[in-house]
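Chemist:
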Amino acid sequence: MRFRLPIIILVAALSVGMASCNSDDDSDIEIIQDTSVGNVAVTSFSLQKSVSSDINYDSLFFSIDLGKAVIFNADSLPVGTVPGNLIVDVTLPTVKKAEFVMQYADKENKVVDYLENATDSIDFGADKVLLRVVSYDEKVMREYTVKINVHKSKPDSLSWDKAAFAAVPGLSSGYTGQKTVVMGGKYYTLTLGASSSVLSVADNLGDKEWSSAPVSLPAGALVESFSVAGNKFYILDGADNLYESADGLTWTSTGSDMCYIYGGFGSELLGVRKNGGKHYHVTYPETVETEVPQGCPVSGTSALMIYDSKWSESEMAAFTGGRDAAGGLSGVTWGYDGTRWAKLSLEGMPAREGIAVCNYFTAEVNNFFEVSTKEVLYAFGGRLSNGSIDNTLYISVDRGVHWSKAADSFQFSKYAPALYGAQALVCATTKYVSTDDAVSRAVKPIVSWECPYLYVAGGSSASGNPNDKIYRAVLNQLSFVPVQ
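When we follow the working numbering, the leftmost residue of the sequence shown carries the number 590, and every step to the right adds one.
1) Pull up the distance between the alpha-carbon of Thr976 and that of Ala1051, whole angstroms please.
2) Excluding sequence positions up to five away, which residues of its chain have a Cβ less than 6 Å from the Cβ of Ala828?
3) Have a look at Gly937, Ala907, Trp930 and Gly911 and flag the residue whose alpha-carbon is nearest the alpha-carbon of Val921.
4) Tell me the DSSP secondary structure of Val812 in three-state form.
5) Asn1065 by DSSP, collapsed to three states: which one?
6) Assess contact between the segment 799 to 817 and the segment 850 to 857, defined as three or more Cβ pairs (one per stretch) separated by less than 8 Å. Is contact present?
7) Among all the DSSP beta bridges, which residues are the ones paired with Leu893?
8) Roughly how many angstroms separate the alpha carbons of Phe651 and Ile676, rounded to a whole number?
9) For Val965 versus Thr951, is the C-beta distance shorter than 8 Å?
10) Kindly indicate which three-state DSSP category Gly766 falls into: helix, strand or coil?
11) Would Ala707 pass as a contact of Met691 if the rule is Cβ separation under 8 Å?
12) If Tyr1004 and Ile984 are in contact, beta carbons under 8 Å, what's the gap, nearest whole angstrom?
13) Could you spell out the range, first to last residue, of the beta strand (DSSP E) harbouring Glu904?
14) Name the residue from Tyr1060, Tyr703, Leu935 and Ile644 whose alpha carbon lies nearest to the alpha carbon of Glu688.
15) Which whole runs of the beta strand (DSSP E) in the segment 800 to 849 are 3 residues long or more, in chain order?
16) Gly782 to Leu760, Cα distance in whole Å?
17) Are there three or more Cβ pairs, one per stretch, closer than 8 Å when the segment 732 to 744 is compared with the segment 979 to 997?
18) Starting from Cys885, follow the beta strand (DSSP E) in both directions and report where the run begins and ends.
19) Under three-state DSSP, which class holds Leu794?
20) Can you tell me which of the three DSSP states Gly853 falls into?
21) Which of helix, strand or coil does DSSP assign to Val629?
22) Per the contact definition of three or more C-beta pairs closer than 8 Å, is the segment 1052 to 1070 in contact with the segment 758 to 773?
23) Identify every residue that forms a DSSP beta bridge with Trp992.
24) Is Leu997 helix, strand or coil when you go by DSSP?
25) Can you tell me where the beta strand (DSSP E) with Val668 in it begins and where it stops?
26) Check each candidate in Val659, Ala915, Trp749 and Pro744 and name the one with the smallest Cα separation from Cys885.
27) Considering only residues of the same chain and omitting the five flanking positions on each side of Ser842, which have a CB-CB separation below 7 Å?
28) May I have the straight-line CA-CA distance separating Ala1062 from Asn628, to the nearest angstrom?
29) Within a Cβ cutoff of 7 Å, which residues of the same chain sit near Lys768, ignoring the five residues on either side of it in sequence?
30) Could you name the residues that DSSP lists as bridge partners for Tyr776?
31) Which residue's Cα is closest to the Cα of Asp826: Gly837, Pro807 and Leu649?
32) Going by DSSP in three states, Tyr693 sits in which element: helix, strand or coil?
33) Grouping DSSP H, G and I as helix and E and B as strand, with all else coil, what is Asp654?
34) Let me check one thing: in DSSP terms, what residues is Arg929 bridge-paired to?
35) Would Gly943 and Gly970 be called neighbours here (beta carbons separated by less than 8 Å)?
36) Is Tyr646 helix, strand or coil by DSSP?
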């Protein structure tokens, strides 16, 4: 659809937008607002390499949104980049005029006639850059906004909220500890107080919406043992008795005992039983007991991770860190394939107990400014042998076989909590982009996407004070509008 503007409106618009241009009479030019006219359509746009910069500008891909008349790079340049003066290459039909207009807030605009001076540089440090194209018959004009997008933050780094994301739900006073587990896609937080206990349930951690109810726990219940296997909750008391619950509110004895719970593996609960001075790996419902291998932790481990393995046809369960029967600390990963336990790590990390482990992401930027993400294991926090908390982030790309220190850009900021015994939880939150401001080369541009956030809850500080806050971080790349 075309719009022919009244001559007084057209003259006013041209006098503002072309104040620094030549004095040709453009009063008969039709300004189009659709994509049906190809005689003023820009079909390609690129930058030439800059001899004064290490940035590979000539590798930057530009998209052309003909509907909104915007030319832009979907893969943004690294944070801190100042484009400055660059030479451009533009593919156009045969046209009468093609000129770049650089608009400044504090000085006179500048115009470059692209047809006459194609090798003149364009100042992308201007407040706004326009490409104005007039058809060969001088009847149609199209004005494009040219944007060089630069990241405001590093895509390959973590950002933590500057303040705690939320308070632990359930109790407002007398707090002594909490643990959060996941069942059926819901988040269950068991909170203990000095004289009462509460179970809170949320569909999504990012919503901060919890429904809470009082809990009748067994006497001496250990909140850190709160676990899920199949469709049941489990907890231990101080005498190693194992209890179960269908709803997390009312508990009954199983008649079985464990001194430590690793976590759920399908419908089975994996744990440790101490008998006659020895430790045994056990399950509930009970199967065959096997003596714990030397060096395998029997307490203080990370949460149990469940995943498919390229080395096995069935799922595997694994934990990292902890304290073995002799009292020694571990910095490696142990796995269980449904029949036996074995040490998986060939390369570990400094030994500690109470380390937080979860699946999350890293990001890498290539020479074409494209950012790729990869799922890895994160491990952080935990108490060392000297009692201090090691908040160094370690990652594993092979499910705990090899651990290495993450790149500096991923290491935790001062806003991250330093804890041991905490839970690391990943929960996606829907993010939205304004359809009025969005530009995309896709037929149906993205207006929303699921952004996975990393949450840290529970645990204690080095001094033993229980953490009563929930903290949140995100890999920056995941928070950006996805490239189509």
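Heads up, the beta-carbon is just placed ideally off N, CA and C, and yes, glycines get one too. Note that the coordinates shown come from a computational prediction; the quantities given were computed from them, not determined experimentally.
Modeler: From the atom records:
1) Mapped onto the sequence shown, residue 976 falls at position 387. Mapped onto the sequence shown, residue 1051 falls at position 462. According to the sequence displayed, residue 976 carries Gly and not Thr. Those two C-alpha atoms are separated by around 6 Å.
2) By 1-based counting over the sequence shown, the position of residue 828 is 239. Excluding residues within five positions, none has a Cβ falling inside 6 Å.
3) What you label residue 921 is simply residue 332 of the sequence shown in a count that begins at 1. Checked all of Gly937, Ala907, Trp930 and Gly911; the closest Cα to Val921 is Gly937.
4) Taking the first residue of the sequence shown as position 1, residue 812 is located at position 223. It is helical.
5) Here residue 1065 refers to the residue found at position 476 of the sequence shown. Reduced to three states, the DSSP call for Asn1065 is helix.
6) yes
7) The count along the sequence shown starts at 1 and reaches residue 893 at position 304. Beta-bridge pairing links Leu893 to no other residue.
8) Reading the sequence shown from its first residue, position 62 is the one you call residue 651. Reading the sequence shown from its first residue, position 87 is the one you call residue 676. Those two C-alpha atoms are separated by around 14 Å.
9) What you label residue 965 is simply residue 376 of the sequence shown in a count that begins at 1. What you label residue 951 is simply residue 362 of the sequence shown in a count that begins at 1. Yes, these two residues count as a Cβ contact at 8 Å.
10) The residue given as residue 766 occupies position 177 in the sequence shown. Three-state result, Gly766: strand.
11) Numbered from 1 along the sequence shown, position 118 holds the residue referred to as residue 707. Numbered from 1 along the sequence shown, position 102 holds the residue referred to as residue 691. Not a contact, by the Cβ cut-off of 8 Å.
12) Taking the sequence shown and counting its residues from 1, the one referred to as residue 1004 is at position 415. Taking the sequence shown and counting its residues from 1, the one referred to as residue 984 is at position 395. So it is not a contact: roughly 20 Å between Cβ atoms.
13) Counting from 1 along the sequence shown, the entry for residue 904 is found at position 315. Run containing Glu904: Glu904 to Asp913, per the beta strand (DSSP E) assignment.
14) As a position in the sequence shown, residue 688 is number 99, starting the count at 1. Taking only the C-alpha atoms, the option nearest Glu688 is Tyr703.
15) 800 to 803, 816 to 818, 821 to 825, 830 to 834 and 841 to 846
16) For the purposes of this step, residue 782 is identified with residue 193 of the sequence shown, where counting begins at 1. For the purposes of this step, residue 760 is identified with residue 171 of the sequence shown, where counting begins at 1. Spanning the two alpha carbons is a distance of roughly 7 Å.
17) no
18) As a working note, residue 885 is residue 296 in the sequence shown. It is not in any beta strand (DSSP E) - Cys885 carries neither H nor E in the DSSP assignment.
19) For this step, residue 794 is matched to residue 205 along the sequence shown. Note: Leu794 maps to helix in three-state DSSP.
20) Taking the first residue of the sequence shown as 1, we reach residue 853 at position 264. Strand.
21) Working through the sequence shown from its first residue, we reach residue 629 at position 40. DSSP places Val629 in helix when its eight states are reduced to three.
22) yes
23) The residue given as residue 992 occupies position 403 in the sequence shown. DSSP output for Trp992 lists no bridge partner at all.
24) Start at 1 with the first residue of the sequence shown, and residue 997 comes out as number 408. For clarity, residue 997 is Asp in the given sequence; the question names Leu instead. In this structure, Asp997 counts as helix in the three-state DSSP scheme.
25) Taking the sequence shown and counting its residues from 1, the one referred to as residue 668 is at position 79. Run containing Val668: none; DSSP gives neither H nor E here.
26) Your numbering for residue 885 matches position 296 in the sequence shown. The shortest Cα separation from Cys885 among Val659, Ala915, Trp749 and Pro744 belongs to Ala915.
27) As a working note, residue 842 is residue 253 in the sequence shown. The answer, listed in chain order, is Asn830 and Tyr832.
28) Residue numbering aside, residue 1062 sits at position 473 when the sequence shown is read from its first letter. Residue numbering aside, residue 628 sits at position 39 when the sequence shown is read from its first letter. Approximately 49 Å, taken between the alpha carbons.
29) On the sequence shown, residue 768 is found 179 positions in, with the first residue counted as 1. Cβ neighbours of Lys768 beyond the five flanking positions: Leu779, Val812, Glu813, Phe815, Gln1012 and Gly1047.
30) Counting from 1 along the sequence shown, the entry for residue 776 is found at position 187. Tyr776 is bridged to Val771 and Ala791.
31) As a working mapping, residue 826 is identified with position 237 in the sequence shown. Taking only the C-alpha atoms, the option nearest Asp826 is Pro807.
32) The residue you call residue 693 lines up with position 104 of the sequence shown. Coil, per DSSP.
33) Residue numbering aside, residue 654 sits at position 65 when the sequence shown is read from its first letter. In the structure shown, Asp654 sits in a strand (DSSP, three-state: E or B).
34) The residue labelled residue 929 in the question sits at position 340 within the sequence shown. Partner(s): none; Arg929 has no beta bridge.
35) Working through the sequence shown from its first residue, we reach residue 943 at position 354. Working through the sequence shown from its first residue, we reach residue 970 at position 381. Going by C-beta atoms, Gly943 is nearer than 8 Å to Gly970.
36) Locating residue 646 in the sequence shown gives position 57, counting from the first residue. Three-state DSSP puts Tyr646 in a helix.
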